[in-house]
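For reference, the structure is listed below as structure tokens.
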């Protein structure tokens, strides 16, 4: 009895060459040039190359960030210079001087706080040497408020204009509410006493 393949551990040697022939016939022939096998990889050298590439990338990133920071600083200086030159050319001195004087003598007067703040911001551009930082700006703003508001705010020594503006708006609202309540209480008829 002839068996195909292996049965009970006994190899059938006559079929093996036929199988190889069939496999060769079924496998497609390679197209194009046959490439040699890749060279063996030295993983130590490969890892050193990766580390060096990452270090180079980090150094490049740091250099780029330093360059961008330097450009930002140069732009800020250039902007200040631009504003100075722009004002010198397009806002003549005979206009700048009265605006500066108006800022120096600016008070709230009959304006509400928000109107006063808008005028303050507009005129402060003509006297930047007076409001060199936020604290000085807040101090100048508070000193120009109505005396009734100024008395309530001057003790707080606000560090920014926003703080001073917020506090003065709150105080102005409270004062208006108080005056309205006072008017309403005066309009009520007093009870007459009869004997």
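In full-length UniProt numbering, the protein residues as written are 1 to 195.
Here a beta-carbon is modelled for each residue, glycine too, at the ideal position from N, C-alpha and C.
Close-in-space but distant-in-sequence residues of the same chain around residue i (CB under 7 Å, 5 per side omitted)
i: residue 134; result: 159, 160, 161
i: residue 123; result: 99, 102, 103, 106
Span of the alpha helix (DSSP H) around residue i
i: residue 138; result: 134-143
i: residue 173; result: 161-187
i: residue 105; result: No alpha helix (DSSP H) holds residue 105; DSSP gives it neither H nor E.
DSSP state of residue i mapped onto helix, strand, coil
i: residue 56; result: helix
i: residue 42; result: coil
i: residue 34; result: coil
i: residue 94; result: helix
i: residue 125; result: coil
i: residue 110; result: coil
i: residue 131; result: coil
i: residue 146; result: coil
i: residue 5; result: Only weak support is given to the placement of residue 5: the predicted model assigns it a pLDDT of 49, under 50, and the value that follows is read from those uncertain coordinates. Correct three-state label for residue 5: coil.
Own chain partners of residue i with C-beta closer than 8 Å, once the 5 adjacent residues on each side are dropped
i: residue 130; result: 103, 104, 124, 136, 140
i: residue 169; result: 113, 114
Cβ pair residue i, residue j closer than 8 Å
i: residue 167; j: residue 179; result: no
i: residue 126; j: residue 144; result: no
i: residue 146; j: residue 186; result: no
i: residue 176; j: residue 138; result: no
i: residue 149; j: residue 181; result: no
i: residue 96; j: residue 84; result: no
Cβ-based neighbour list, residue i, same chain, cut-off 6 Å, excluding 5 preceding and 5 following
i: residue 156; result: none
i: residue 53; result: none
i: residue 184; result: none
i: residue 165; result: 117
Residue-chain proximity (residue i, chain B), Cβ-Cβ < 8 Å
i: residue 45; result: The structure shown contains no chain B, having only a single protein chain.
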